[in-house]
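With the working numbering applied, the sequence shown has no gaps in its numbers, which climb one by one up to 279 at the end.
Here the structure comes first, spelled out in structure tokens, and everything after it is commentary.
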Amino acid sequence: MARTLQPKDAELVASRLLDASARGSYDPHIDIDWSAPLEDGKAYMPLERVSLYGTDLWRGLSQEQRIELSKHEIASIASVGLWFEIVLMQLLVRYVYDLDPRSAHAQYALTEIGDETRHSIMFAKAITRFGAPAYGPVKPIHTAGKVYGALAGGPSMFGAVLVAEEATDRLQRATMDDPDMQPLIRMVNRIHVVEEARHVRFAREEVLREVPKLNRAQLEAHRWLLALTAFGVMDALVNPRVYRCVGIDPRQGRAAALANPHHRETRRWMTEKVTGFLAEAGLVGGPSKRVLKAAHLI
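Written out as structure tokens, the structure reads:
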């Protein structure tokens, strides 16, 4: 590690996060106008972040098809985010099981479960409004999520949460203030960014508290678990079935995306802040870094 990051007092942090939650939480049923019309000619995510951007396949698409693909890719990302948040809720319920319910620490973990429930509903309603499928992850990753939700724990669990949350957060921040994006997705992203900032703080503090307790063998095990989970989650964000919406065979589209230097750079861009933090905290390092490099996350 280049430097030692120090966690704050757990109860103090949790108390502040509880106060922030009381002041700034949202209800997707009330705070979003789901009847508002979608606007013609506006994309659903920055087009330069669409997986095929810059490829021969992309150059063969009309502007309308590019916008349609952006809609389906953001629907895929939202549905994978929804899936991961359901996994996260399982992890948090198991985590809080042994905590003292009187503590602010336990109460904030319960508050986060409530936040994630609302986020899952919000993403589901957004996908429905877009008229897109709930793509979700491919079947092997979906099945692995069941096992992960039942067994994962410790600093690699919180590290994986950070990868998923901070990667999508970076994309959402690039969308929420862009007037060329659909107003509905901007509102969804703005709500998620505000509330996820608290979740990120909580998870980062947990990583900083737990990593120093690990011996060398445990640290390497958690590094491997984190790297493999991060690879799986980031690789799942764009389900290959999205390419059918513009007449591209899913296998051809996925092959083009994986070979696309723009898409590889987008992956690194989405994760560069969180992988930097995890490296400073000690969870990225050693032989497992090869997995993150293969995933184009570092």
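C-beta: ideal position from N, C-alpha, C; glycine also.
This structure is a prediction, so every number in the text was calculated from the model and none was measured.
Exclusion of the five residues before and after residue 17 leaves 164 and 165 as the residues of its chain whose Cβ lies within less than 8 Å of its Cβ. When the Cα atoms are used, residue 99 and residue 64 turn out to be separated by approximately 13 Å. When C-beta atoms of the region 195 to 213 are compared with those of the region 109 to 116, fewer than three pairs fall below 8 Å, so the two segments do not count as touching. Taking the Cα positions, residue 85 is about 8 Å away from residue -1. Counting C-beta atoms within 10 angstroms of its own C-beta, residue 147 has 16 or more neighbours from the protein chains shown and is therefore classed as buried.
Take residue 142, set aside five residues on each side of it, and the residues of its chain with a beta-carbon closer than 8 Å to its own are 69, 72, 180 and 184, in chain order. Fully enclosed alpha helix (DSSP H) runs of no fewer than 4 residues occupy 231 to 240 and 242 to 262 of the region 199 to 268, in order along the chain. For residue 163, no alpha helix (DSSP H) run applies, since DSSP gives it neither H nor E.
Taking C-beta atoms under 8 Å as the contact rule, residue 57 and residue 219 qualify, at a distance of about 5 Å. Within the model, the alpha-carbon separation for residue 279 versus residue 217 is close to 17 Å. In the DSSP annotation of this structure, the continuous segment of the alpha helix (DSSP H) that includes residue 100 starts and ends at 85 to 111. Contact between residue 189 and residue -14 holds, with the beta-carbon distance rounding to 5 Å and staying under 8 Å. The residue from 194, 252, 153 and 83 with its alpha-carbon nearest to that of residue -12 is 194.
Going by DSSP, residue 129 is part of the alpha helix (DSSP H) stretching over 120 to 132. Approximately 6 Å separates the beta-carbon atoms of residue 264 and residue 204; this is inside 8 Å, confirming the contact. In terms of Cβ geometry, residue 244 and residue -4 do not form a close pair [threshold 7 Å]. When 202, 23, 53 and 42 are compared, the shortest CA-CA separation from residue 133 is found for 202.
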